[in-house]
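Before any comments, here is the structure.
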Amino acid sequence: MEKVSLSILVIEDDLEDFILLRTYLSRATRSQFELSHAQSFQDAMKYLVEQSFDIILADYFLDGHTATDLFKHVKLIGIDTPIVVLTGMAASELDDVLMQLGASDFIPKEELTTALLERSIRHAIERKRAEQQISQLIKRDPLTGLGNRLIFEEHAELAIARAKRNKSRLAVAFLDLDRFKNVNDTLGHHMGDLLLTLVGKRIQDAIRASDFVARIGGDEFTLLLDNVQDVESLSAIANKVLAEVTRHAVLDCKHLEVSASMGIALYPDQGNSVSELMRKADMALYESKKQEGSCHHMVFSDSLQARLQKETRVENGLHQALANNEFELHYQPIVELDTQRIQGVEALIRWRQADGKLLLPGEFIEEVNRVGLIGALGEWVLEAACKQLRVWLDNDVDLNMSINVSPRHLRQAGFDELVIETVKRYQIPEGRLMLELTEEVFVDSGISSLYVLNEIRKVGVRIAIDDFGTGYSSMRYLKSLPIDRIKIDRCFISGGGGVHLSDPMITQAIGFLAEGLDLDLVAEGIETPEQVAALKAQGCQKGQGFLFARPLPNHVLINLLRANH
1 MEKVSLSILV IEDDLEDFIL LRTYLSRATR SQFELSHAQS FQDAMKYLVE QSFDIILADY
61 FLDGHTATDL FKHVKLIGID TPIVVLTGMA ASELDDVLMQ LGASDFIPKE ELTTALLERS
121 IRHAIERKRA EQQISQLIKR DPLTGLGNRL IFEEHAELAI ARAKRNKSRL AVAFLDLDRF
181 KNVNDTLGHH MGDLLLTLVG KRIQDAIRAS DFVARIGGDE FTLLLDNVQD VESLSAIANK
241 VLAEVTRHAV LDCKHLEVSA SMGIALYPDQ GNSVSELMRK ADMALYESKK QEGSCHHMVF
301 SDSLQARLQK ETRVENGLHQ ALANNEFELH YQPIVELDTQ RIQGVEALIR WRQADGKLLL
361 PGEFIEEVNR VGLIGALGEW VLEAACKQLR VWLDNDVDLN MSINVSPRHL RQAGFDELVI
421 ETVKRYQIPE GRLMLELTEE VFVDSGISSL YVLNEIRKVG VRIAIDDFGT GYSSMRYLKS
481 LPIDRIKIDR CFISGGGGVH LSDPMITQAI GFLAEGLDLD LVAEGIETPE QVAALKAQGC
541 QKGQGFLFAR PLPNHVLINL LRANH
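For the sequence shown, position 100 matches number 100 in our numbering, and the numbering has no gaps at all.
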């Protein structure tokens, strides 16, 4: 059997012990050892800096130092060579300490034999190789074979240190596939995996040898782009990568159109640490995905930073507003067109900021959706509306209440239970509370939402389709829905800006539809008497709009009711 050749650094200040050790090793049957001898701690450090070894054999005590010092220094200079410690002491406590420090083995000198030494050396080297293989596996994405987040961050740390020394620039980029979930949902996860592997290869083909790519999770890839000159050259690289990634793909005989977005942060312009660059690249990616169309990239900039800081302030303000009860409801009357008697109201949310400024929903609802607070805000509206409705009923104020429900809130688990519990707690009579939902909710949400609405109707809550006529409408479709009211969208009433109905043919058709299905009908956005007259002639009996009243605080609404009676 051919002997395996191994290089060993022996750190031993006792020459006789070194000679004895060398004798034992020379008798080895499976390995051939090339020895280097360090008689002092300083010599050992010099050897380790200048040469590499397969293994280190070290005496525990060495000219005023111990193996503990050796492990600390080895770690500092980044050497991970396996170390076997030899000592004249036989103490189990010392054994435990050395193993915790990272020793591969601990051998009392009086127990030394050729077989024991050879076995200890072989096991130490094999264990280290296994650890290195495991470490590499841990740092690799098993699907694509690319690096993962861990190895990417290590590469980026080294690249930043190098760029700092060379006064050069680099970039961290995030690449994310658009609508990747659709691939998994419609074609299966196997096809999704094939696509991710293909995209990883395409990115590698598009970047330079000095660049690095990793998959950090799902359909998200990170790129380390070294030695970038300026934003223009960076954009050219991004466009090249996107062009390669989004080429038409054929996988398992299936044709796929691939779309992706990128967000990029530049060192040192946008950050000096890996975490900061990755955070800003991710933020730029989020913004790039908002752009119309597909295959966009965005480089993080001061203007984006300012906008995101503003969004953060708004987000923090929204959390505080909910905690501090800064929201309030205003109520727009819904009137009977014949008598103009107020028979109900639509509750509309307002944000009364600390400085007294009153914000309308259009100024903050998009942010509420973005930060995921729509459920919490919807719950607040439901609670506040039912509480106010209970107060009105207890004081003989004969009004019905309508509130708007976000599609996102409707789809959240437990929405029906929330509504039912709130209605029962405030003892809201049947028919007094109505939930208004846009037409698209019924088309997009599916059977689960219909089940939720049917459960809610069982406790006497009525359902209205808001902004009717702007989405998908058909008699057959409406007949199957659990609804009680249709609200004609304002664009058909006053959207044209004139005194007459903007689209009388549409309003009449919707009126016929409501009558045929025995649904209550309300026209929104009424601004002129001429519009009222036309709607009445078409059979519409209820309406709301600025002609009658704008959304009003509760005390103003009550005064208006008293004046009308």
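From the three backbone atoms N, C-alpha and C, an ideal C-beta is built for every residue, glycine too.
The structure displayed is predicted, hence computed values, not measured ones.
Inter-residue Cα distance where the pair is I465 and R432: 16 Å
Sub-7 Å separation of I486 and F468 beta-carbons: yes
For A260 and F548, the rounded distance between their alpha carbons: 50 Å
Under the three-state DSSP convention, the category Q32 falls into: strand
Rounded straight-line distance, which links the Cα of R169 to that of Y267: 5 Å
CB of A159 within 7 Å of CB of L62, strictly: no
Residue range of the unbroken alpha helix (DSSP H) whose run includes G317: D302 to N324
For D205, the first and last residue of its enclosing alpha helix (DSSP H): H189 to A206
One or two residues paired with T87 in a DSSP bridge: P108
Contacts around H255, its chain only, beta-carbon distance under 6 Å, and the 5 residues preceding and following it disregarded: none
Inter-residue spacing [alpha-carbon to alpha-carbon] between K201 and E440: 40 Å
Backbone secondary structure at F174 - three-state DSSP: strand
Unbroken stretches of the alpha helix (DSSP H), 4 residues or longer, contained in the stretch 251-308: 274-288
Proximity test, A171 beta-carbon vs the ligand ADP heavy atom, cut-off 6 Å: With respect to the ligand ADP, the structure shown offers nothing to examine, as it has no ligands at all.
Coarse secondary structure for N239, derived from DSSP in three states: helix
Endpoints, alpha helix (DSSP H) assigned at G516: P504 to G516
Alpha-carbon to alpha-carbon, T186 and C253: 15 Å
Validate contact between the stretch 310-321 and the stretch 505-524 using beta carbons, cut 8 Å, 3 pairs: no
Cβ contact (3+ pairs, closer than 8 Å) linking the stretch 150-159 and the stretch 271-284: yes
Within the stretch 391-433, ranges of the beta strand (DSSP E) (whole runs, at least 3 residues): 400-404
Residues near Q204 by beta carbon distance below 8 Å, same chain, minus five either side: L146 and V213
Assumed close pair F33, L6 - CB separation to whole angstroms, cut-off 8 Å: 6 Å
Under the three-state DSSP convention, the category I55 falls into: strand
Extent of the continuous alpha helix (DSSP H) run through Y47: F41 to E50
Own chain, CB closer than 8 Å to D193, minus 5 neighbours either side, in chain order: L143
Same chain only: Cβ atoms within 8 Å of S120, ignoring 5 sequence neighbours per side: V84, S104, D105 and I107
Separation of L175 from K128, as counted between CA atoms: 35 Å
Per-residue burial, L116 [other beta carbons within 10 Å of its own, 16 or more giving buried]: exposed
Closest Cα partner of V199 within the set V231, E16 and V241: V241
Top-ranked residue by Cα proximity to E455, from S294, L393 and F415: F415
Neighbourhood of L359 by C-beta distance below 6 Å, restricted to the same chain and skipping five residues each side: W351
CA-to-CA distance, T68 to L9, given in whole angstroms: 17 Å
Selected residue, minimal CA-CA separation from E50, among Y60, A58, L57 and S36: S36
Alpha carbon of S449 to alpha carbon of G78, nearest angstrom: 59 Å
DSSP state of H73 mapped onto helix, strand, coil: helix
Unbroken alpha helix (DSSP H) run spanning S26, endpoints: L15 to S26
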